[in-house]
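Participant: Protein chains in written order, with this note's numbering: chain A, -17 to 97; chain B, 1199 to 1884.
Even for Gly, the Cβ is constructed at its ideal location relative to N, Cα and C.
1. Cβ of residue 1810 of chain B within 8 Å of Cβ of residue 1662 of chain B?
2. Determine, for residue 1752 of chain B, whether the minimum Cβ-Cβ distance to residues of chain A falls below 8 Å.
3. Would you say residue 1798 of chain B faces chain A, with C-beta separation under 8 Å as the test?
4. At the level of alpha carbons, what is the spacing between residue 1733 of chain B and residue 1727 of chain B?
5. Just the C-alpha distance for residue 1217 of chain B and residue 1485 of chain B, rounded to the nearest angstrom, thanks.
6. For residue 77 of chain A, decide whether its Cβ has a neighbour in chain D, counting only Cβ atoms nearer than 8 Å.
7. Can you tell me which residues form a DSSP beta bridge with residue 1585 of chain B?
8. What do you reckon, are the CB atoms on residue 1833 of chain B and residue 1825 of chain B nearer than 8 Å?
9. Hey, is residue 44 of chain A's beta-carbon within less than 8 Å of any beta-carbon in chain B?
10. Distance check for residue 1317 of chain B and residue 1236 of chain B, CA to CA, integer angstroms please.
11. Is the shortest distance between the beta-carbon of residue 1726 of chain B and the beta-carbons of chain A less than 8 Å?
12. With 9 Å as the C-beta to C-beta threshold (strictly closer), list the residues of the region 1 to 23 of chain A near chain B in chain order.
13. With a threshold of 16 other CB atoms inside 10 Å of the CB of residue 1260 of chain B, please say whether the residue is buried or exposed.
14. What residue does the beta strand (DSSP E) around residue 1697 of chain B start on, and which one ends it?
15. Say whether the region 1789 to 1798 of chain B touches the region 1740 to 1756 of chain B, bearing in mind that this needs 3 or more beta-carbon pairs closer than 8 Å, one atom from each stretch.
16. Quick one, are the C-beta atoms of residue 1247 of chain B and residue 1281 of chain B less than 8 Å apart?
17. Give me, in chain order, the residues of the same chain whose beta-carbon lies closer than 6 Å to that of residue 1557 of chain B; leave out the 5 immediate sequence neighbours on both sides.
18. In angstroms, rounded to a whole number, what distance separates the CA positions of residue 33 of chain A and residue 1659 of chain B?
19. Strictly below 9 Å CB to CB, what residues from chain B border residue 54 of chain A?
20. Is residue 1559 of chain B buried or exposed, if buried means 16 or more other CB atoms sit within 10 Å of its CB?
21. Given a cut-off of 8 Å on the beta-carbon distance, is the pair residue 1533 of chain B and residue 1508 of chain B in contact?
22. Am I right that residue 24 of chain A and residue 4 of chain A are in contact with their C-beta atoms under 8 Å? What's the rounded C-beta distance?
23. What residues in the region 1733 to 1758 of chain B have a beta carbon less than 8 Å from any beta carbon of chain A?
24. Which same chain residues, not among the five before or five after residue 1399 of chain B, have their C-beta less than 7 Å away from its C-beta?
25. Give me the residue from B:1250, B:1227 and B:1466 with the minimum Cα distance to residue 1208 of chain B.
26. Is the Cβ of residue 1702 of chain B closer than 8 Å to any Cβ of chain A?
27. Could you check which residue in B:1865, B:1326, B:1333 and B:1464 has the C-alpha nearest to that of residue 1419 of chain B?
28. Nearest-angstrom Cα distance between residue 1702 of chain B and residue 1622 of chain B?
29. Report the rounded CA-to-CA distance for residue 88 of chain A versus residue 1796 of chain B, giving the unit in angstroms.
30. What do you reckon, are the CB atoms on residue 1882 of chain B and residue 1816 of chain B nearer than 8 Å?
31. What residues from the region 27 to 38 of chain A come within 7 Å of chain B, judged by C-beta to C-beta, listed N to C?
32. Answer with buried or exposed for residue 1201 of chain B, where buried requires no fewer than 16 other C-beta atoms within 10 angstroms of its C-beta.
33. From residue 58 of chain A to residue 1595 of chain B, what distance separates their C-alpha atoms?
34. I think residue 1428 of chain B touches residue 1378 of chain B, with their Cβ atoms under 8 Å apart; what is that distance to the nearest whole Å?
35. Under a Cβ-count criterion, where at least 16 other Cβ atoms within 10 Å of its own Cβ denotes burial, should residue 1876 of chain B be classed as buried or exposed?
36. Which parts of the region 1786 to 1828 of chain B are runs of the beta strand (DSSP E), unbroken and 3 residues or longer, counting only runs that do not cross its ends?
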């Protein structure tokens, strides 16, 4: 089960993904990112409390890669646990998505400041 | 024990013989009287046989009167009535004959009078006993232990009284009178058992009154006739059957019960309709219950509910709204009302400023879930509306109308409630049944899908002389998204693929079959690995839905050059055991899952590597179903455990390594079910 919360500060829209994202709950993540990409240019995904993500969940992130580029949206994922990060790495998503550790760093990245 | 049929026959024969013997004894007594001879012996004989006659008749009726489980009350009464009629006709005819022959010598012949009298007594006794047997049936209509006991006392007492004369011919002694009075009293007390009256409908009650009235008249008439014979001294007093206690008792009892019955039936007439109404309720209730078993569809159940409710409440009109899933009226069934009138009624309710019907019903529980109101309408004066819920879903509402004020009592509403509950159960069952049928069909479809997918898995793995390969694959559901296959490109080169489709179940299975198609199309072209991966990605980009991707590990094993050439497209890193280094490591080269980038950008992420192998080297290809399998403590099996297992078992044959890893995996998970597809390939160099 997954719980998704949103938070808007200045122009940065943050999505909190809490719990486990599996085949059935990945729909909520998809909806939430889809909504965010319609309205916001700067999106951060807080995964500090994301315990598990299945391939279907990864598919959600994957499906926005082209979209983000086309619309010029900056999306940063941060706070991944080692285990979850490994899942991203195996699939190769770490090469395509902006993934970082801390919130501050994520903020800098989303604002377009290279670290 | 004598069979019942034999007892009946015996009764008839005994009755005829004893009747004839009694008649003979009477003649002999008469003869003795005329010739002043001793007649006590003949008198005694005639009495003995009269008692035998009575008992024979009694045995006959005891075994023929409504012994079957069910009997019709009016039929029984009708039989008694006919017996009485026959007796009356014979009696009237004989009297008429006597009158006709008044001046004839024959009418003064004592033998002739004795004969006529004896015929009369025979028939009257038969009639009385027939009546008695039927009354017994009616009194014991609803038996209780005590009722049967008291009845037996009465019946045996009555029979006993027939034998009294053997002891003492002097009738009017005090104990005799007391005994007979007690017996009479017991008979009259037992006579208050008139429960059968309640089960007659209106018509049957009238019929019964008429029949019992006539039976009563017969009894009265017979009593008068017998008395007249006695008074006229035409017969020898000892032959007077009225002097037998049992006959007197029978007269009192049968007549008394006639009076009771007529009075009780008369007083019951006004309430008959209530009883009949209750019966209608029961029948309707049964109808609704049965509709559950006969698998009627919803509309039929609604119709039954509507008709049942109308008939039990005697409503003048009714309608039933069937709601759709949003609780809005979808269809209306009408009974004795037009849709125009229905609109008028609804308008009336609105005008009168009452809460509209809809808003007063949604609560399933609680007393407010009904709507009762008086109407100012030309044809209808009162209305009751009750909703029907199934699993908290508002499914229908029934409205009943009457042309009088306050037409619906609380009892009626309660009964409709029970009907509605029953109908809910019927409909719910019907829905569940339909769901079950649909589910069953899905299951069948899935079984077919499973068979089809099993057909997609390689039946025999290609191999070459250098390798031994062992595999294990198990889908979490009927169908899964894991894929593995081999293809012999040339004598030296063997292609091996392991793939995993994102997601699970049916959607994954569809993509898996696409992967198989792509693999077999491309592998035949003998493309370099790099190109194979790119082309596979291009092809899948056109096939996969937006959020799906496939990870693969692709190997070409060259037995001539003794090399593994491989590429990892986002798949779990292959585990490799090098026998030379005696070391296990993951082949963590870079790569990207197929379908993640669906354009030329993908090309730059493809990486191909090569390892020279030696005897004893092992490749372990697998899917994340293994590494992500969890135990009850929510711990993952993980990469390390897999690595340890291989390190430990590296010297075994491929098949045994596979067995050890599968065993290790299931031991780790214990009772916790692995909820992902699991695939494992062990490739060992011989």
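Facilitator: Here's the rundown:
1. Start at 1 with the first residue of the second chain, and residue 1810 of chain B comes out as number 612. Start at 1 with the first residue of the second chain, and residue 1662 of chain B comes out as number 464. Annotated as distal: residue 1810 of chain B and residue 1662 of chain B, with beta-carbon spacing of 8 Å or more.
2. Taking the first residue of the second chain as position 1, residue 1752 of chain B is located at position 554. For residue 1752 of chain B, the answer is no, since every Cβ of chain A falls outside 8 Å of its Cβ.
3. Reading the second chain from its first residue, position 600 is the one you call residue 1798 of chain B. Cβ-Cβ to chain A under 8 Å: no for residue 1798 of chain B.
4. As a first step, residue 1733 of chain B must be located in the second chain, where it is residue number 535. As a first step, residue 1727 of chain B must be located in the second chain, where it is residue number 529. If you take the alpha carbons of residue 1733 of chain B and residue 1727 of chain B, they lie about 10 Å apart.
5. By 1-based counting over the second chain, the position of residue 1217 of chain B is 19. By 1-based counting over the second chain, the position of residue 1485 of chain B is 287. Roughly 56 Å between the two C-alpha positions.
6. As a matter of chain content, chain D is missing from the structure shown, whose protein chains are A and B.
7. Within the second chain, numbered from 1, the residue matching residue 1585 of chain B stands at position 387. Residue 1585 of chain B is bridged to B:1595.
8. If you number the second chain from 1, residue 1833 of chain B lands on position 635. If you number the second chain from 1, residue 1825 of chain B lands on position 627. No, the Cβ-Cβ distance between residue 1833 of chain B and residue 1825 of chain B is not below 8 Å.
9. One-based indexing of the first chain puts residue 44 of chain A at position 62. Among the CB atoms of chain B, one or more fall inside 8 Å of the CB of residue 44 of chain A.
10. Translated into the one-based positions of the second chain, residue 1236 of chain B becomes position 38. Translated into the one-based positions of the second chain, residue 1317 of chain B becomes position 119. Between the C-alpha atoms of residue 1236 of chain B and residue 1317 of chain B there is a straight-line separation of about 25 Å.
11. Position 528 of the second chain holds residue 1726 of chain B. So, not an interface residue.
12. 4, 5, 8 and 12
13. Stepping through the second chain from its first residue, residue 1260 of chain B is reached at position 62. Under this definition residue 1260 of chain B is a buried residue.
14. By 1-based counting over the second chain, the position of residue 1697 of chain B is 499. 1691 to 1699 is the extent of the beta strand (DSSP E) around residue 1697 of chain B.
15. Between the region 1789 to 1798 of chain B and the region 1740 to 1756 of chain B, the count of C-beta pairs closer than 8 Å reaches three or more; the two stretches touch.
16. Residue numbering aside, residue 1247 of chain B sits at position 49 when the second chain is read from its first letter. Residue numbering aside, residue 1281 of chain B sits at position 83 when the second chain is read from its first letter. Cβ atoms of residue 1247 of chain B and residue 1281 of chain B: not closer than 8 Å.
17. What you label residue 1557 of chain B is simply residue 359 of the second chain in a count that begins at 1. Note on residue 1557 of chain B: pLDDT 44, under 50, position unreliable in the model; the coordinate value appears next. So no residue of the chain qualifies.
18. Taking the first chain and counting its residues from 1, the one referred to as residue 33 of chain A is at position 51. Taking the second chain and counting its residues from 1, the one referred to as residue 1659 of chain B is at position 461. Their Cα atoms are separated by approximately 38 Å.
19. As a working note, residue 54 of chain A is residue 72 in the first chain. Neighbours of residue 54 of chain A on chain B: none; closest Cβ ~17 Å, over 9 Å.
20. Residue mapping note: residue 1559 of chain B aligns to position 361 of the second chain, counting from 1. With a pLDDT of only 46 at residue 1559 of chain B, under 50, the local geometry of the prediction cannot be trusted, and the value read off the model is given with reservation. Buried.
21. As a position in the second chain, residue 1533 of chain B is number 335, starting the count at 1. As a position in the second chain, residue 1508 of chain B is number 310, starting the count at 1. Note that the C-beta distance between residue 1533 of chain B and residue 1508 of chain B is below 8 Å.
22. As a first step, residue 24 of chain A is located in the first chain; it is residue number 42 there, counting from the start. As a first step, residue 4 of chain A is located in the first chain; it is residue number 22 there, counting from the start. Residue 24 of chain A to residue 4 of chain A, Cβ: 28 Å. No contact.
23. 1744, 1745, 1746, 1747 and 1749
24. Within the second chain, residue 1399 of chain B is the residue found at index 201, counting from 1. The answer, listed in chain order, is 1470 and 1474.
25. Position 10 of the second chain holds residue 1208 of chain B. That would be B:1250, whose Cα lies nearest to the Cα of residue 1208 of chain B.
26. Locating residue 1702 of chain B in the second chain gives position 504, where the first residue counts as 1. Yes, residue 1702 of chain B counts as interfacial toward chain A.
27. By one-based count along the second chain, residue 1419 of chain B stands at place 221. Selected option, being the one with the closest Cα: B:1326.
28. Within the second chain, numbered from 1, the residue matching residue 1702 of chain B stands at position 504. Within the second chain, numbered from 1, the residue matching residue 1622 of chain B stands at position 424. Cα to Cα, residue 1702 of chain B sits roughly 38 Å from residue 1622 of chain B.
29. What you label residue 88 of chain A is simply residue 106 of the first chain in a count that begins at 1. What you label residue 1796 of chain B is simply residue 598 of the second chain in a count that begins at 1. One C-alpha to the other measures close to 27 Å.
30. Here residue 1882 of chain B is taken as the residue at index 684 of the second chain, counted from 1. Here residue 1816 of chain B is taken as the residue at index 618 of the second chain, counted from 1. Going by C-beta atoms, residue 1882 of chain B is nearer than 8 Å to residue 1816 of chain B.
31. 37 and 38
32. The residue you call residue 1201 of chain B lines up with position 3 of the second chain. Residue burial annotation: residue 1201 of chain B is exposed, with fewer than 16 other C-beta atoms found within 10 angstroms of its C-beta.
33. Residue numbering aside, residue 58 of chain A sits at position 76 when the first chain is read from its first letter. Residue numbering aside, residue 1595 of chain B sits at position 397 when the second chain is read from its first letter. Rounded to the nearest angstrom, the two C-alpha atoms are 55 Å apart.
34. Counting from 1 along the second chain, the entry for residue 1428 of chain B is found at position 230. Counting from 1 along the second chain, the entry for residue 1378 of chain B is found at position 180. Their Cβ separation, rounded to whole angstroms, is 18 Å, which puts residue 1428 of chain B and residue 1378 of chain B out of contact at 8 Å.
35. Along the second chain, one-based indexing puts residue 1876 of chain B at 678. So residue 1876 of chain B counts as buried.
36. 1806 to 1810 and 1816 to 1820
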